[in-house]
Structures are given as structure tokens and as C-alpha cells.
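Written below as C-alpha cells is the structure these notes are about.
Protein chains: 2
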Amino acid sequence: MATIRDVAKLANVSVATVSRVLNGSSKVSAQAREAVLKAQRELDFHLNANARTLARKDSEIIGVTVSDLSDPYFGSMVRACENAAHKLGCSLLVCQGLHEEQREIVAIENLLSHHCRGMIVHALTVPDERLSDYMRRVPSMVLINREIPGFEDRCVNIDNEHGEYLAVSQLIAAGHRDIAYVGSRHSILDAKERLAGYQRALKSHNLPLKPSLVVADEPLLDGGVRAAKELISRGVSFTAVAVYNDTMAAGLISVLNEKGISVPDDVSVVGFDDIMLARCLNPPLSTITNPVEEMGEAAVRLSSSLYHKDRQAAALPEFEVRFVSRKSIAPPPAKSWTDQLKERSSGKAGSHESKVSAAFRRAQLEAKQGK
Amino acid sequence: MATIRDVAKLANVSVATVSRVLNGSSKVSAQAREAVLKAQRELDFHLNANARTLARKDSEIIGVTVSDLSDPYFGSMVRACENAAHKLGCSLLVCQGLHEEQREIVAIENLLSHHCRGMIVHALTVPDERLSDYMRRVPSMVLINREIPGFEDRCVNIDNEHGEYLAVSQLIAAGHRDIAYVGSRHSILDAKERLAGYQRALKSHNLPLKPSLVVADEPLLDGGVRAAKELISRGVSFTAVAVYNDTMAAGLISVLNEKGISVPDDVSVVGFDDIMLARCLNPPLSTITNPVEEMGEAAVRLSSSLYHKDRQAAALPEFEVRFVSRKSIAPPPAKSWTDQLKERSSGKAGSHESKVSAAFRRAQLEAKQGK
DNA sequence: CACTGGAATGTAAACGTTTACAATTATAGA
DNA sequence: TCTATAATTGTAAACGTTTACATTCCAGTG
Chain A
1 MATIRDVAKL
11 ANVSVATVSR
21 VLNGSSKVSA
31 QAREAVLKAQ
41 RELDFHLNAN
51 ARTLARKDSE
61 IIGVTVSDLS
71 DPYFGSMVRA
81 CENAAHKLGC
91 SLLVCQGLHE
101 EQREIVAIEN
111 LLSHHCRGMI
121 VHALTVPDER
131 LSDYMRRVPS
141 MVLINREIPG
151 FEDRCVNIDN
161 EHGEYLAVSQ
171 LIAAGHRDIA
181 YVGSRHSILD
191 AKERLAGYQR
201 ALKSHNLPLK
211 PSLVVADEPL
221 LDGGVRAAKE
231 LISRGVSFTA
241 VAVYNDTMAA
251 GLISVLNEKG
261 ISVPDDVSVV
271 GFDDIMLARC
281 LNPPLSTITN
291 PVEEMGEAAV
301 RLSSSLYHKD
311 RQAAALPEFE
321 VRFVSRKSIA
331 PPPAKSWTDQ
341 LKERSSGKAG
351 SHESKVSAAF
361 RRAQLEAKQG
371 K
Chain B
1001 MATIRDVAKL
1011 ANVSVATVSR
1021 VLNGSSKVSA
1031 QAREAVLKAQ
1041 RELDFHLNAN
1051 ARTLARKDSE
1061 IIGVTVSDLS
1071 DPYFGSMVRA
1081 CENAAHKLGC
1091 SLLVCQGLHE
1101 EQREIVAIEN
1111 LLSHHCRGMI
1121 VHALTVPDER
1131 LSDYMRRVPS
1141 MVLINREIPG
1151 FEDRCVNIDN
1161 EHGEYLAVSQ
1171 LIAAGHRDIA
1181 YVGSRHSILD
1191 AKERLAGYQR
1201 ALKSHNLPLK
1211 PSLVVADEPL
1221 LDGGVRAAKE
1231 LISRGVSFTA
1241 VAVYNDTMAA
1251 GLISVLNEKG
1261 ISVPDDVSVV
1271 GFDDIMLARC
1281 LNPPLSTITN
1291 PVEEMGEAAV
1301 RLSSSLYHKD
1311 RQAAALPEFE
1321 VRFVSRKSIA
1331 PPPAKSWTDQ
1341 LKERSSGKAG
1351 SHESKVSAAF
1361 RRAQLEAKQG
1371 K
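The listed protein sequences correspond, in order, to chains A and B. Each residue of the first sequence is one higher than the last, beginning at 1 in this note's numbering. Each residue of the second sequence is one higher than the last, beginning at 1001 in this note's numbering.
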């Protein structure tokens, strides 16, 4: 590999001049600039980012740890991070935690050793104290979806409790009283908050909390599938389900479809996150927007400005969550799906009549929701 | 930040000893090792990866460029790359091309300047010659979904032509004759090959190629939506659609659903890639598997071994594509959806009868497909 | 006791940049 | 022509590691 010295020699100038040309410093004659650029082309020379970082003591790398890059939620987040990094002239170093504590720690330590300009961590399993330790030691580290006491201004979060409250309130407004909740089995901030939002919504409408209607599983497609089966197998009747995230909701809906339980005519479903998938499901899934791209971008900017000790740039914006109405919520059916299933299995005719009335009820609701 | 010198001083040894401890070299007494580790903990010291890379002349970073990290196809790919990199003790530097030539070039140059251990490029818009140039200059660069003459052994590809041939053959086997094709508007390898596979399938079954049944758009959800509308607006009748990828297929299906055209009773659909979304659609989408994770892993391994000039490790495996049967393909309807739409709009009754016969036809096909 | 060999440790020169600071050259004014 | 000043260029010391080579230390041997 050619070095800056080779270029200097070929262009007949000093290394300083080459460096100046390559960094766009003004203090260089047009003649020298030409010679340098020519030599650079000839040698196919590229500045060595490592050496540059070392000499400058200012990295152009922003490190990110997420659970799983193939999860569309993180996909959107990392996309936004890369974009924001690009705007700052930086590149993204990405690690995966894969839901394992050991792997998450390796990922964080790895970023640490790269002495990144910024550091954005989404850790599911690392305990608070350890994370707190890291936060203390590296001032530019920013957390996503966690809230560590004492570091609130470096934790990027949405109001999950409020979001889930919104979601469940919509189900209640549609007339549901037996509302199940499918949660995440990881006990981090958003999981706890969303469950709390579900509970508050029920309480504030004087509905009973039935533990038999709450299940938790891995926040992935298969987790949704398992949770749905578990819920159905419990034999407790429900007419609506609020789900931790859209991916689990997709799994749940696929089980309902398989069993011939119609969404939304028999069971209404509401998700969380509003990933692309939500628009593709049939029926399209009503859900809560999660401004994950804004969060990613804000995290990158915050982290980078902390690194440069910009005090004023460090404030985080408020992130808005809101309910998106699609087609997966309808008023509860006159006859619950448990009864219908019994009826069907006892050989009665298909319920064409009930489909029509379901459509009618749906139209009513939509009118009420104002579009 | 503490440096290796600080650690050496505190531990009362030389920097060489510290380095040896940190790199697991055997030539160091237990006593010294202890002292070093203690000092390291005390100072919260982390080796500087940049300095290490510089001194060792062997990077531990693998660079990857993809179009869009939020695209689930690339999500899976990058996930696999990160995993493979992790196994090699490396980290991933990720850039996005975002379907713009300028941005793709910036991304590549960026990776170049990091002097990565490996370099994996998925470029949509950079022309062959330029890519060829890069390939010549950096021996460890590996291409995904491109095939540049002279560098075949560094291009990671599946047999797209064969895959699409398989997909369309399934439609033909189900009895379809009027088969539309929704392609990608980017003219790179996989787009061309998949179109060719579609054409070969028709030809080899003596079906006519109708240009009016072929559209192309952006390979994203919205592209699928637009393509579907375009196709329908042309007023040419078709009973099946083969789509460039699952994401576009999802967009297409959502339009069909909206218009009341049933999948698969009125129109059969087959996708490509088998992303998670395919399993979540209703009906679940029949598609072609794309072993994108294996490809990502293979690309990382190949790239890293090229960097170290391992000649023998450099062979690429064959990647298998196969048809996955789900529920989106049925035999063509007795009455085409264009006629049905007319009928419906002229006020006739809903076609309950036709639904039953559709179910029957579907069952027949499934029996034929052997599951 | 001198000598040998091996283990443990230390010294210092890379690695490829940036950037103060010094040195040189050019420009203009006297 | 000679300064004074500004513009350009060069020199060399960092930056934080690794590692070849040199040195030191000790146990074991004759």
C-alpha cells in the first residue's frame, strides 16, 4: 500500500503538503495541489483512517450495538444511525448482542477498544449496574430503550407506558372488555412500561386485571406464535389482544388465521412499533408508531456532541407516539369465537349473516374514529 | 485515556510486557501478568484498536456496503456477515448506498480508507468498469449480486434465472397461462436474470411473451403497489403474477386485497427471497428461498481469506434456491377477476359458490404438489 | 566457581498520519 | 537594493501499539 510519503516523493513535496492537500487546508499553492492529486491518482493512494485517527485523536467511527440486525425494528434504527453518522462524516461500526449477556458485553467492550466518536448501545440482558459502570467511564455512551438512574439525559426512550395505554384504550373504546396482553419475556424498560400501560388502561376504565389473560414470550415471530397458542389453550375467553410489538402480533394473527378465528371480526388485535410489516398484514394492523428512526438519529447526534463536549447540543427531543388506525380492530362480536368454534365443530352452517353484521359494526366504529 | 505506557508504569513493567499480557503471549511470568491485569483494571484501560491495526498491519474490521439496512433482505445479510465476522474476531463497518451512485461510491471509498481486512460490496448503480477497477486494486474485495467478467470467483451469487424459472413453472403447473411479471427497475444481475427465468419458463411451455404483462418498478413495498396499479390499469387480463421479490409482492397483494381481488382464488402470486414477511402475509406467500445468510457468511470468509492470501480457502460453495409452497398459488379461476369485477359492479350477488369451488381447486392443487 | 542456555524482560524502531513550529520563498513598499 | 511581511513549504515530534533484538537473570552443569 502506498503511503503519504510515497505520494510526497512522487509529487516532489513534503508529507505536510500532501496532508494539507488531502485535508483541504487552504495553505497550499495550486501547483503543489495539482502535483499531489496527480501523484495520488497514479499511486491509487487512500489515506489510512487508522493512522489519521491516531494522530488526530478524533475518531470518525460511531459504534452501535443492537440485538439483531435482521429484526426490522433494529433495521430501521441502524439505517437511521448510518444516515446520521454519514452526515457527520462518520462510519458505523455495528455489533450484535443476540439476546445473550456475554455477547452483549463483548460487543460493548469491542466498541470501547475502537475508541469511537460515539457509542450507542441497545442492551437487553446486561444488568443496570454494569451498564451504569460503562456510562460513568465513557461519557459519550448513549443508551436506547433503557433508563439508568443518574443518566436520564443519555437515555433515548419513548413513552412506552403511554403508547400501550393508547393502544388498549382504543380497544376499550371499540367496546372490548376481555382484553389479553402478549408481552415480551425480557425484563427491560419497554417491556415493563408497556405492560404497565396495559394495566393502567384497564384500571382507569374499571376493567378487571386477569392474570390468565397475560402471557409473555420472546419478542419475535415465533414468540407471537407460541404466545397465541398458550393463550388459546388456557380456554379463557377474550375478544381483543394488545401485543408487545408488531412482529409478535404477526405471529399471533397467523395462529388465529389458522384456527379460523377471524381478525378483526372475532378478535381485534393491536400491535406496537408500526414496522413495515404492519401495513402488509391482512387485515393491516392497527398499531402504535414508534419513531425509531428519529431515535437513532438523535442518539447519534447526542453521542457525537457529548464526545466533543458540546453542552448545549446535548438535549434530547420529545418523541411522539401515536395510534395508527388500520383494519385489525372492530367492535367485539355478538358471539365469542369460543362459542363460534363450538358451533362450527358441531356442524352448523357458515355464518354469512354474522359477516355482514361484522362489516356493519366495523363501519360504525370507523365513523366513530373519524376516518 | 490511559495508554499502555500508563499501565506499564503502574504495574512496574515495560510496555512490551503489557502488550504480551494483553495479547496472550506465553513469555511472561505469572507475577507480571497479575500486576498488569491489576493495573489495567485500575486504569480501566482498553487497547487502542487503531494503534494496534497500524502497528500490526492487519485490520480487524470487515467492511460491508448494502443498499438499505432497513430492507429485510439486507438485514438478514448483514446479520450473517456480523456473525461471521465475529467468529473471525472482527467487527463490521457498515455503509449504505441508498440506491444512489454517488453514495455507493462514497461508501466504497470510505471502506477503502479504513484498509479493512475484508470488503463486501453490494452496489446497484456503480457501473461495471468502475467496479472492475476497484476489484483490480483491492484483492480482498468481494461482490454480492453482481458478476463482473474476470472476477467470477469473487462474486457471490445465486442462480436467479433458475429460481425465477422454478417460480413461474409452478404457476404454469397450476394451470396458469396468463402470467404477469413484476420486475425491478434496476438493471443489475439479479433483475436481468430473474426476468430471463420468467421468459424461459413461458417459452419452454410454449406460452406467448406479452410485453403488456411485464412491468418494473423500485424493488420496495411502494414499487409493488405502483406496479400492481399499473398492471391493473392496462386492462390486460392475467390470472397469476410472478414478482421480483417478496416485498414487492406484499405491495402488490395489498392492492389486490383493496380492489377485492382475492389471492389466490382470483390471482395467484409467487415471490422471491423468502423473507420473514412471506410467512406473515395472508395468504402466506409461496416464494423462492434465497440463502442470503449463507451468502453473507461465505462472502465474509472469502474476503478475509483473500486478504491473507489463502489460496485454498477461496472457493465459493453452490447456493441452493428452491420453491417454497405456501398458500398464494391456486389453479386459475373459471371466471377471470376482470369479469367478476364487472359482474359485481353490475350488482349481482356475492359469489359464495365460487369461493367453495375455489377451495376445492386449491385442495386439488395441494394434493398434486404433494403437501 | 565459571559457563551455558533458556526464560523473562526491556529497548527502541517501526506503522502512517497530523500539526506545531521553523524555514524558505515571494511580494510589496521604501 | 533592501526590508518587512505574508504566503507557502518543510521538519520532526507526537499519536498508542507491536515486535525484533538486546539484555538480564537464574538454574543447572562441568
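Just so you know, even glycine gets a beta-carbon here, dropped at the ideal spot from N, CA and C. Since this is a predicted model, take the numbers as computed values, not measurements.
Buried/exposed call for Pro174 of chain A, threshold 16 Cβ in 10 Å: Position 174 of the first sequence, counted from the first residue, corresponds to residue 174 of chain A. Per the sequence shown, residue 174 of chain A should be read as Ala rather than Pro. It is buried - the Cβ of Ala174 of chain A has at least 16 other Cβ atoms within 10 Å.
Inter-residue Cα distance where the pair is Val959 of chain B and Asp71 of chain A: A query on residue 959 of chain B cannot be resolved here, the shown segment of chain B reaching from 1001 to 1371 and no further.
Boundaries (first-last residue) of the beta strand (DSSP E) holding Gly118 of chain A: Reading the first sequence from its first residue, position 118 is the one you call residue 118 of chain A. 118-121 is the span of the beta strand (DSSP E), which, as asked, contains Gly118 of chain A.
Coil, strand or helix - Asp1246 of chain B by DSSP: By one-based count along the second sequence, residue 1246 of chain B stands at place 246. Helix at Asp1246 of chain B.
Touching by the beta-carbon criterion (3+ pairs, under 8 Å), the segment 1141-1148 of chain B and the segment 1205-1220 of chain B: no
Separation of Leu111 of chain A from Gly63 of chain A, as counted between CA atoms: Here residue 63 of chain A corresponds to residue number 63 of the first sequence, with the count starting at 1. Here residue 111 of chain A corresponds to residue number 111 of the first sequence, with the count starting at 1. Whole-angstrom Cα-Cα distance: 6 Å.
Alpha-carbon to alpha-carbon, Gln1040 of chain B and Lys229 of chain A: Here residue 229 of chain A is taken as the residue at index 229 of the first sequence, counted from 1. Here residue 1040 of chain B is taken as the residue at index 40 of the second sequence, counted from 1. Near 51 Å, if we compare the C-alpha coordinates of Gln1040 of chain B and Lys229 of chain A.
N-terminal and C-terminal residue of the beta strand (DSSP E) that Val1214 of chain B is part of: As a first step, residue 1214 of chain B must be located in the second sequence, where it is residue number 214. Unbroken beta strand (DSSP E) run through Val1214 of chain B: 1214-1217.
Whole-Å CB distance - Asp1274 of chain B paired with Ala1330 of chain B, under 8 Å assumed: The residue given as residue 1274 of chain B occupies position 274 in the second sequence. The residue given as residue 1330 of chain B occupies position 330 in the second sequence. In fact, because the Cβ distance is near 19 Å, the residues do not count as touching under 8 Å.
Length at least 4, wholly inside the segment 1060-1128 of chain B: the alpha helix (DSSP H) runs in chain order: 1072-1087, 1101-1113
For Gly183 of chain A, the three-state DSSP class (helix, strand or coil): Along the first sequence, read from residue 1 onward, the residue named residue 183 of chain A stands at position 183. Gly183 of chain A falls in the strand class under three-state DSSP.
Residues near Arg1130 of chain B in its chain [Cβ-Cβ closer than 8 Å; skip 5 each side]: One-based indexing of the second sequence puts residue 1130 of chain B at position 130. Ile1105.
Close-in-space but distant-in-sequence residues of the same chain around Arg1020 of chain B (CB under 7 Å, 5 per side omitted): Along the second sequence, read from residue 1 onward, the residue named residue 1020 of chain B stands at position 20. Excluding residues within five positions, the ones whose Cβ falls inside 7 Å are Lys1027, Val1028.
Extent of the continuous beta strand (DSSP E) run through Val1270 of chain B: What you label residue 1270 of chain B is simply residue 270 of the second sequence in a count that begins at 1. That run of the beta strand (DSSP E) goes 1268-1270.
Minimum Cβ-Cβ distance from His1115 of chain B to chain A less than 8 Å: For the purposes of this step, residue 1115 of chain B is identified with residue 115 of the second sequence, where counting begins at 1. By this cut-off, His1115 of chain B is an interface position.
Interface residues of chain A facing Met1001 of chain B [CB-CB closer than 8 Å]: Taking the first residue of the second sequence as 1, we reach residue 1001 of chain B at position 1. Per Cβ cutoff of 8 Å: His115.
Interface positions of the segment 1069-1098 of chain B facing chain A (Cβ-Cβ less than 9 Å), listed along the chain: Leu1069, Ser1070, Asp1071, Pro1072, Phe1074, Gly1075, Ser1076, Met1077, Val1078, Arg1079, Ala1080, Cys1081, Glu1082, Asn1083, His1086, Ser1091, Leu1092, Leu1093, Val1094, Cys1095, Gln1096, Leu1098
Which of helix, strand or coil DSSP assigns to Ala240 of chain A: The sequence position of residue 240 of chain A within the first sequence is 240, counting from 1. The answer is strand: DSSP assigns Ala240 of chain A an E or B state.
Cβ-based neighbour list, Val18 of chain A, same chain, cut-off 6 Å, excluding 5 preceding and 5 following: Mapped onto the first sequence, residue 18 of chain A falls at position 18. These residues qualify, in order along the chain: Ile4, Val7, Ala8, Val36.
8 Å Cβ cutoff, Ala349 of chain A in contact with chain B: Reading the first sequence from its first residue, position 349 is the one you call residue 349 of chain A. Residue placement at Ala349 of chain A cannot be trusted, given a pLDDT of 46 that sits under 50; the coordinates are not used to answer.
Endpoints, the alpha helix (DSSP H) within which Val18 of chain A is located: Mapped onto the first sequence, residue 18 of chain A falls at position 18. Taken as a continuous stretch (DSSP letters only), the alpha helix (DSSP H) holding Val18 of chain A covers 15-22.
Simplified DSSP state of Met1276 of chain B, which is helix, strand or coil: Residue mapping note: residue 1276 of chain B aligns to position 276 of the second sequence, counting from 1. Helix, per DSSP.
Cβ separation of Ser1268 of chain B and Thr1239 of chain B, assumed to be a contact under 8 Å, to the nearest whole Å: The residue you call residue 1268 of chain B lines up with position 268 of the second sequence. The residue you call residue 1239 of chain B lines up with position 239 of the second sequence. Correct: roughly 7 Å between the Cβ atoms.
Nonlocal neighbours in the same chain, by C-beta distance under 6 Å from Arg226 of chain A, ignoring five residues either side: For the purposes of this step, residue 226 of chain A is taken as the residue at position 226 of the first sequence. For Arg226 of chain A, where only same-chain residues beyond five positions count, the Cβ hits under 6 Å are Asp217.
Sequence-distant residues of its chain with Cβ nearer than 7 Å to Gly350 of chain A (five each side left out): Residue mapping note: residue 350 of chain A aligns to position 350 of the first sequence, counting from 1. With a pLDDT of 45 at Gly350 of chain A, under the threshold of 50, the modelled position of that residue is not reliable, and the figure given next carries that caveat. So the list is empty, once near-sequence residues are dropped.
Distance between Ala250 of chain A and Thr125 of chain A (C-alpha atoms, nearest Å): Taking the first sequence and counting its residues from 1, the one referred to as residue 125 of chain A is at position 125. Taking the first sequence and counting its residues from 1, the one referred to as residue 250 of chain A is at position 250. About 25 Å.
Beta-bridge pairing of Met1141 of chain B - partner residues as DSSP gives them: As a working note, residue 1141 of chain B is residue 141 in the second sequence. Answer is B:Met1119, bridged to Met1141 of chain B.
Test: Asp1266 of chain B CB closer than 8 Å to a CB of chain A: Residue numbering aside, residue 1266 of chain B sits at position 266 when the second sequence is read from its first letter. Not closer than 8 Å to any Cβ of chain A, the Cβ of Asp1266 of chain B fails to qualify, so no.
Contact the segment 300-310 of chain A vs the segment 278-292 of chain A: 3+ CB pairs below 8 Å: no
Which listed residue (B:Val1243, B:Pro1127, B:Gly1118, B:Val1013) has its alpha carbon closest to that of Glu1100 of chain B: Within the second sequence, numbered from 1, the residue matching residue 1100 of chain B stands at position 100. That would be B:Pro1127, whose Cα lies nearest to the Cα of Glu1100 of chain B.
Bridge partner(s) assigned by DSSP for Phe960 of chain B: Residue 960 of chain B is absent from the model: chain B starts at 1001 and stops at 1371.
Proximity below 8 Å, CB of His1122 of chain B to CB of Val1066 of chain B: The residue labelled residue 1122 of chain B in the question sits at position 122 within the second sequence. The residue labelled residue 1066 of chain B in the question sits at position 66 within the second sequence. Result yes, Cβ atoms of His1122 of chain B and Val1066 of chain B sit closer than 8 Å.
6 Å CB neighbourhood of Gly296 of chain A in its chain, flanking five on each side removed: To locate residue 296 of chain A, count along the first sequence from 1; it is residue 296. Around Gly296 of chain A: Met77, Ala80, Cys81.
Any C-beta of chain B under 8 Å from that of Ala174 of chain A: For this step, residue 174 of chain A is matched to residue 174 along the first sequence. No, its Cβ sits nowhere closer than 8 Å to a Cβ of chain B.
Rounded Cβ spacing between Tyr376 of chain A and Val292 of chain A (contact assumed at less than 8 Å): No statement about residue 376 of chain A is possible, as the shown extent of chain A runs from 1 to 371 and does not include it.
Residue(s) in a DSSP beta bridge with Val287 of chain A: Residue mapping note: residue 287 of chain A aligns to position 287 of the first sequence, counting from 1. Strictly speaking, residue 287 of chain A in this sequence is Thr, with Val absent from that position. Answer by DSSP bridge pairing, in chain order: A:Val324.
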